[in-house]
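Number of protein chains: 2
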Amino acid sequence: VTDRDDKLPLLDMDPAAFRAAAHAVVEVMADYLETIESRAVFPPIEPGSLRPLFPAAAPESPEPLEAILNDYHRLVEPNATQWQHPGFLAYFATTASGPGILGEMLTAAIGQNPMLWRTSPIGTELEEVVVDWLRQALGLPDGFDGLLTDTASTSTLIGLAAAREAAGTGAATRGLAGRGDLGAGLRVYASAEVHSSVEKACMTLGLGQSSLVRIPTNDRFEMWPEALAGAIATDRAAGFRPIAVVATIGTTSSTSVDPVAAIAEIASRERLWLHVDAAYAGVVAMLPARRAPFDGWERADSIVVNPHKWLFTPLDASLLLTRRMSELRAAFSLVPEYLRTLDRESPVRDYNEFTPQLGRRFRALKLWVQLRWFGLEGLRRRIERHIELAAGLAATIGADPDWELLAPVPFSTVCFRWRPVALAGRAGDPEIAERLDVANAAIMDAVNRTGEVFLSHTRLAGAFTIRVAVGNLRTEARHVERAWELLRAAAAEQVVPVQR
Amino acid sequence: VTDRDDKLPLLDMDPAAFRAAAHAVVEVMADYLETIESRAVFPPIEPGSLRPLFPAAAPESPEPLEAILNDYHRLVEPNATQWQHPGFLAYFATTASGPGILGEMLTAAIGQNPMLWRTSPIGTELEEVVVDWLRQALGLPDGFDGLLTDTASTSTLIGLAAAREAAGTGAATRGLAGRGDLGAGLRVYASAEVHSSVEKACMTLGLGQSSLVRIPTNDRFEMWPEALAGAIATDRAAGFRPIAVVATIGTTSSTSVDPVAAIAEIASRERLWLHVDAAYAGVVAMLPARRAPFDGWERADSIVVNPHKWLFTPLDASLLLTRRMSELRAAFSLVPEYLRTLDRESPVRDYNEFTPQLGRRFRALKLWVQLRWFGLEGLRRRIERHIELAAGLAATIGADPDWELLAPVPFSTVCFRWRPVALAGRAGDPEIAERLDVANAAIMDAVNRTGEVFLSHTRLAGAFTIRVAVGNLRTEARHVERAWELLRAAAAEQVVPVQR
Numbered sequence: 499v500t501d502r503d504d505k506l507p508l509l510d511m512d513p514a515a516f517r518a519a520a521h522a523v524v525e526v527m528a529d530y531l532e533t534i535e536s537r538a539v540f541p542p543i544e545p546g547s548l549r550p551l552f553p554a555a556a557p558e559s560p561e562p563l564e565a566i567l568n569d570y571h572r573l574v575e576p577n578a579t580q581w582q583h584p585g586f587l588a589y590f591a592t593t594a595s596g597p598g599i600l601g602e603m604l605t606a607a608i609g610q611n612p613m614l615w616r617t618s619p620i621g622t623e624l625e626e627v628v629v630d631w632l633r634q635a636l637g638l639p640d641g642f643d644g645l646l647t648d649t650a651s652t653s654t655l656i657g658l659a660a661a662r663e664a665a666g667t668g669a670a671t672r673g674l675a676g677r678g679d680l681g682a683g684l685r686v687y688a689s690a691e692v693h694s695s696v697e698k699a700c701m702t703l704g705l706g707q708s709s710l711v712r713i714p715t716n717d718r719f720e721m722w723p724e725a726l727a728g729a730i731a732t733d734r735a736a737g738f739r740p741i742a743v744v745a746t747i748g749t750t751s752s753t754s755v756d757p758v759a760a761i762a763e764i765a766s767r768e769r770l771w772l773h774v775d776a777a778y779a780g781v782v783a784m785l786p787a788r789r790a791p792f793d794g795w796e797r798a799d800s801i802v803v804n805p806h807k808w809l810f811t812p813l814d815a816s817l818l819l820t821r822r823m824s825e826l827r828a829a830f831s832l833v834p835e836y837l838r839t840l841d842r843e844s845p846v847r848d849y850n851e852f853t854p855q856l857g858r859r860f861r862a863l864k865l866w867v868q869l870r871w872f873g874l875e876g877l878r879r880r881i882e883r884h885i886e887l888a889a890g891l892a893a894t895i896g897a898d899p900d901w902e903l904l905a906p907v908p909f910s911t912v913c914f915r916w917r918p919v920a921l922a923g924r925a926g927d928p929e930i931a932e933r934l935d936v937a938n939a940a941i942m943d944a945v946n947r948t949g950e951v952f953l954s955h956t957r958l959a960g961a962f963t964i965r966v967a968v969g970n971l972r973t974e975a976r977h978v979e980r981a982w983e984l985l986r987a988a989a990a991e992q993v994v995p996v997q998r
Numbered sequence: 499v500t501d502r503d504d505k506l507p508l509l510d511m512d513p514a515a516f517r518a519a520a521h522a523v524v525e526v527m528a529d530y531l532e533t534i535e536s537r538a539v540f541p542p543i544e545p546g547s548l549r550p551l552f553p554a555a556a557p558e559s560p561e562p563l564e565a566i567l568n569d570y571h572r573l574v575e576p577n578a579t580q581w582q583h584p585g586f587l588a589y590f591a592t593t594a595s596g597p598g599i600l601g602e603m604l605t606a607a608i609g610q611n612p613m614l615w616r617t618s619p620i621g622t623e624l625e626e627v628v629v630d631w632l633r634q635a636l637g638l639p640d641g642f643d644g645l646l647t648d649t650a651s652t653s654t655l656i657g658l659a660a661a662r663e664a665a666g667t668g669a670a671t672r673g674l675a676g677r678g679d680l681g682a683g684l685r686v687y688a689s690a691e692v693h694s695s696v697e698k699a700c701m702t703l704g705l706g707q708s709s710l711v712r713i714p715t716n717d718r719f720e721m722w723p724e725a726l727a728g729a730i731a732t733d734r735a736a737g738f739r740p741i742a743v744v745a746t747i748g749t750t751s752s753t754s755v756d757p758v759a760a761i762a763e764i765a766s767r768e769r770l771w772l773h774v775d776a777a778y779a780g781v782v783a784m785l786p787a788r789r790a791p792f793d794g795w796e797r798a799d800s801i802v803v804n805p806h807k808w809l810f811t812p813l814d815a816s817l818l819l820t821r822r823m824s825e826l827r828a829a830f831s832l833v834p835e836y837l838r839t840l841d842r843e844s845p846v847r848d849y850n851e852f853t854p855q856l857g858r859r860f861r862a863l864k865l866w867v868q869l870r871w872f873g874l875e876g877l878r879r880r881i882e883r884h885i886e887l888a889a890g891l892a893a894t895i896g897a898d899p900d901w902e903l904l905a906p907v908p909f910s911t912v913c914f915r916w917r918p919v920a921l922a923g924r925a926g927d928p929e930i931a932e933r934l935d936v937a938n939a940a941i942m943d944a945v946n947r948t949g950e951v952f953l954s955h956t957r958l959a960g961a962f963t964i965r966v967a968v969g970n971l972r973t974e975a976r977h978v979e980r981a982w983e984l985l986r987a988a989a990a991e992q993v994v995p996v997q998r
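As they're listed, the protein sequences go chains C and E.
The numbering of the first sequence is my numbering, which starts it at 499 and goes up by one.
The numbering of the second sequence is my numbering, which starts it at 499 and goes up by one.
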């Protein structure tokens with residue numbers, strides 16, 4: 499790479515040099531993906547060990563691309579958590595599919611900012627196209643419109659901000675502080691298993707963590723509608739103003755499914771905004787035979803489904819669908835003069851009017867590439883396969899007397915723990931429970947240290963719970979089987995005294 | 499492309515096919531960038547004309563990559579607003595540099611989510627590295643720490659959310675509604691020229707648009723510190739609780755510079771959080787000889803500078819620096835069990851604790867590639883060149899009796915209008931003023947219709963103002979000169995009666 503500043507005008511990389519460099523980078527990318535299984539899913543390093551490997555200050559002079567790519571290979575690749583590894587079974591997977599990566603490459607080169615129609619006509623209208631393609635694929639009626647955001651956190655925040663306006667608080671204009679007309683405060687309802695993003699949205703929106711009322715769940719971790727109705731009544735009697743209910747289809751801990759139809763009925767009766775968090779599991783609605791858990795979600799005011807989870811789209815891409823775009827606009831629309839365009843005389847869509855951010859990435863492009871390359875049928879078959887892999891593991895665990903499933907498996911995530919058969923009747927004993935927690939944490943840690951697979955945990959009914967979440971595009975049956983082998987091997991090393 | 503579903507397992511694109519496809523996509527990207535000047539900067543299309551060109555529903559079956567890339571070339575490229583075109587002089591430029599695009603390619607392939615250290619050790623620690631590289635380059639003291647966000651809107655929202663906590667409101671936990679201890683409400687101060695993102699943050703955070711007090715500016719569009727002090731005193735007397743002041747270095751309309759040192763003095767005296775919006779102009783602080791406008795910003799509690807504006811980084815990348823990370827954590831930290839890791843025993847950095855979002859892109863990577871490829875000196879020279887190009891245009895306009903500058907030019911943006919010399923003394927006449935507005939809108943529209951350059955406008959002191967904002971990495975002197983030629987040619991077509 500010889501095209502340096504002292505020989506060329508002060509512009510971008512020379513076009514021919516860019517072409518060559520981009521081809522070199524493709525080799526790095528393709529090599530990485532082709533050899534991904536040779537790496538530890540989670541690297542054997544400690545916090546704070548990487549920063550000292552880099553210079554303390556940015557270089558003054560340009561460096562050659564070769565040096566940068568060498569350092570990338572040496573310092574970046576091996577110290578990543580390998581989300582692209584087929585053994586990544588932790589959290590919920592975000593794999594970047596090949597076509598999704600191609601879409602990101604095009605996105606970077608074309609450099610759009612679809613904040614206004616005028617700043618990206620294609621970015622705006624292709625977003626309308628792709629949002630509607632996804633809506634139809636999910637089986638939702640055409641009253642739903644929507645947009646793409648960065649993350650489920652943002653989508654949920656938008657939903658709750660719209661709820662705040664729909665409740666007539668005038669929060670966007672008048673704020674929430676110093677007002678005597680909001681009673682004892684506002685209230686949002688969700689199950690005890692709801693994702694932290696809902697609580698965070700309450701913090702951000704000025705509702706506060708205290709505004710989130712956690713409704714108890716049954717032993718399948720599903721919200722009790724009766725408890726919801728009761729909580730609303732109690733709050734109203736105490737002077738609070740309920741504004742929204744969040745129902746989850748596929749909670750983060752156990753992927754449980756709230757009874758959406760019953761909750762929708764209550765929300766409708768109480769005139770509350772219903773937001774459905776289907777960030778992980780929503781794509782299952784693309785499979786008509788598996789739509790039962792989604793019964794009632796068509797009555798939601800807003801729904802979030804994340805393509806960057808189980809639709810294999812590179813981070814970031816979250817789909818927010820809503821029947822009430824005008825309430826989103828009430829929550830976020832501002833049109834200062836420098837953003838006013840002559841286009842505003844026509845009914846133009848300027849997406850920034852519906853989001854807390856102004857600038858926006860052209861996220862529709864990668865989804866368009868991906869939806870066409872896989873086809874809906876190709877995506878459905880992959881999702882179905884993941885559900886089958888999880889069902890197979892659940893059956894295996896359920897049949898092993900030394901292990902127990904800790905939650906139903908409605909989608910592709912299995913929650914379980916090691917509990918030797920000799921302790922089967924005594925797991926309720928606090929001392930045994932504590933020892934099982936320690937043992938299962940040690941089992942998970944030992945499995946993760948092999949580098950072959952990567953698991954994460956949660957707590958269900960107080961117990962340390964290992965999760966195997968299938969959803970990585972590259973995961974095959976052999977990876978799930980290997981996880982099970984490693985778990986049993988690690989458990990064999992554990993000693994929990996059967997008798998005191 | 500023959501590797502389709504019926505012949506292969508249900509995985510990702512075959513690795514060899516991905517390699518070939520990515521090389522094909524590089525050709526598309528490089529061709530686009532190499533021929534960018536052959537395109538109209540803004541395409542000659544009307545809103546609503548693109549959506550009908552796409553199928554109404556996603557395809558059921560996979561489509562070949564060739565078909566997708568053909569449609570990309572046919573439908574996407576020509577209908578983009580060409581932000582990469584050197585004639586893009588509208589808004590503030592977001593150009594994606596070659597090395598920035600290479601960084602995005604690597605980012606897509608390695609698929610990180612640095613929400614926790616554990617979910618991306620390198621994503622986390624390289625962010626620490628790059629944030630500190632940028633802090634030093636900007637000349638800020640090492641008391642500043644920070645993070646990368648998607649946009650300035652988010653960075654500013656974070657700053658004001660932290661201000662809300664720092665003021666002792668307990669908003670994150672208790673919310674703002676239904677409380678008697680917040681007086682008449684909270685107040686945020688900014689100049690009348692402040693960017694809409696501050697107002698939007700007030701809407702989102704539950705402070706409301708009414709919480710934003712717009713302080714008058716002088717005839718250079720700079721905040722009057724005396725008016726700020728007066729407004730705070732008046733509000734306190736009326737029972738409001740002031741929490742923050744936003745000072746802008748480089749406003750969006752005119753790129754004016756608030757007197758930061760004087761404002762910092764007031765903020766300090768009044769114990770208010772000082773947020774500095776330097777989203778556009780902040781990079782100029784990389785040039786030691788040009789740091790005068792930044793005097794006092796080292797006293798800010800938080801500062802936003804956008805690499806995706808004038809540092810040539812692909813969208814999205816916003817830098818938020820702060821001396822008070824703990825207040826950011828107070829505003830946004832939540833650690834549910836499924837995000838709890840064994841790492842938390844060590845002082846690990848989990849960046850999601852400082853942001854409204856949980857999931858995060860690996861934005862540090864492209865910045866690291868770019869900072870090394872250009873070197874700080876290479877970036878400084880490019881920024882300096884843009885300032886010189888703008889100064890040259892401003893001198894030309896200032897010397898032409900038929901045109902007038904409408905604001906000082908502290909950075910790289912020139913604000914002006916056509917005002918034939920015969921009307922020089924009569925521009926205050928409302929009828930003349932109205933005709934000048936119409937004429938200048940027509941001039942800008944005519945220039946934009948040529949497709950050679952793309953300009954946007956604002957209003958300054960009520961007058962329609964054309965802006966030429968230099969900041970595109972590929973802009974050369976000839977593009978700015980051509981813009982001036984086109985403006986004069988369009989003005990020559992205008993008829994504004996000199997005498998009634």
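Virtual Cβ for every residue (Gly too), placed ideally from N, Cα, C.
Computed from a prediction, not measured in an experiment: that's the story for all the values here.
Check your understanding: Residue ranges of each alpha helix (DSSP H) run of no fewer than 4 residues wholly in the stretch 926 to 987 of chain C, ordered along the chain?
Key -> 928 to 947
| message | So within the stretch 873 to 903 of chain C, which uninterrupted beta strand (DSSP E) runs reach at least 3 residues, ignoring any that extend past its ends? | response | For the stretch 873 to 903 of chain C, whole beta strand (DSSP E) runs of length 3 or above, ordered along the chain, are 901 to 903.
**Study point:** Three-way DSSP call (helix, strand, coil) for C:TYR687 in this model
**Key:** Secondary structure of C:TYR687 (DSSP, three-state): strand.
Problem set entry | Those residues which DSSP pairs with C:PRO740 across a bridge | Its beta-bridge partners are C:ARG685.
- prompt: Would you call C:ARG517 buried or exposed, if buried means 16 or more other Cβ atoms sit within 10 Å of its Cβ?
  reply: buried
Requested in this report: Can you give me, in chain order, the residues of the stretch 662 to 681 of chain C that have a beta carbon less than 9 Å from any beta carbon in chain E?
Outcome: ARG662, THR667, GLY668, ALA669, ALA670, THR671, ARG672, GLY673, LEU674, ALA675, GLY676, ARG677, GLY678, LEU680 and GLY681
> Out of curiosity, what's the CA-to-CA distance linking C:PRO553 and E:LEU624?
Replying inline: C-alpha separation (whole angstroms): 11 Å.
So what's E:ARG998 in DSSP terms, helix, strand or just coil? Low confidence applies to E:ARG998: its pLDDT is 49, below 50, so where it sits in the model is not reliable, and the reading given next is rough at best. In the structure shown, E:ARG998 sits in coil (DSSP, three-state: anything other than H, G, I, E or B).
Q.
Once DSSP output is grouped into helix, strand and coil, what is the label at C:GLY748?
A. In this structure, C:GLY748 counts as coil in the three-state DSSP scheme.
Beta carbons nearer than 9 Å to chain C: which residues of the stretch 748 to 766 of chain E have them?
THR750 and SER751
Practice item. Indicate the three-state DSSP secondary structure (helix, strand or coil) for C:ASP512 in the structure shown. Key: coil
Do we get a CB-CB distance below 8 Å when we pair C:MET721 with the residues of chain E?
no
Examine chain C for any beta-carbon lying closer than 8 Å to the beta-carbon of E:ASP503, and answer yes or no. The predicted position of E:ASP503 is uncertain, since its pLDDT is 48 and thus under 50; no value can be drawn from it.
**Prompt:** For the stretch 577 to 600 of chain E, which residues have a beta carbon sitting closer than 9 Å to at least one beta carbon of chain C?
**Reply:** For the stretch 577 to 600 of chain E, residues whose beta-carbon sits nearer than 9 Å to a beta-carbon of chain C comprise ASN577, ALA578, THR579, GLN580, TRP581, GLN582, PRO584, ALA588, TYR589, THR592, THR593, ALA594, SER595, GLY596, PRO597, GLY598, ILE599 and LEU600.
**Asked** Is C:LEU674 near the ligand NAP, judged by its Cβ being under 7 Å from some heavy atom?
**Response** Absent from the structure shown: the ligand NAP. Ligands present: none.
Exercise for the section: In the DSSP assignment, find the beta strand (DSSP E) that holds E:THR911 and state where it starts and stops. Expected result: 911 to 916
* Note down, in chain order, every chain B residue with its Cβ under 7 Å from the Cβ of C:LEU531. => No chain B appears in the structure shown, which is made up of the protein chains C and E.
query: With which residues is C:PHE586 paired in a DSSP beta bridge?
result: C:PHE952
Report the partner residues of E:ARG789 according to the DSSP bridge assignment.
Note: E:ARG789 sits in no beta bridge, so no partner.
Original post:
Applying the criterion that 16 or more other CB atoms from any shown protein chain within 10 Å of the CB defines a buried residue, is E:VAL993 buried or exposed?
Top reply: Exposed.
>> Quick check on E:ASP943: buried or exposed, where buried means 16 or more other Cβ atoms within 10 Å of its Cβ?
In response: exposed
With 8 Å as the threshold, decide whether the Cβ of C:PHE830 is near any Cβ in chain E. yes
query = In chain E, which residues lie less than 8 Å from C:HIS521 when you measure between Cβ atoms?
reply = HIS521 and VAL524
Checklist entry - Does the Cβ-Cβ distance between E:ALA798 and E:VAL782 come in under 8 Å? => result no
Do we get a CB-CB distance below 8 Å when we pair E:ARG972 with the residues of chain C? yes
Quiz item: Residues bridged to C:HIS773 by DSSP?
Solution: DSSP, once it has assigned bridges, lists C:VAL744 and C:SER800 as partnering C:HIS773.
With three or more C-beta pairs closer than 8 Å as the rule, is the stretch 647 to 660 of chain E touching the stretch 759 to 775 of chain E?
yes
Give every residue of the same chain whose Cβ lies closer than 7 Å to the Cβ of C:PRO723, excluding the five residues on either side of it in the sequence, and list them in chain order.
Excluding sequence neighbours, C:PRO723 sits near PRO757, ALA760, ILE761 and ILE764.
Practice item. Jot down the residue ranges of each uninterrupted alpha helix (DSSP H) in the stretch 614 to 693 of chain C, minimum 4 residues, whole runs only, in chain order. Key: Within the stretch 614 to 693 of chain C, the complete alpha helix (DSSP H) runs of at least 4 residues are 619 to 635, 650 to 664 and 669 to 672.
Item to check | With 16 other Cβ atoms within 10 Å as the buried cut-off, status of C:SER709 | outcome: buried
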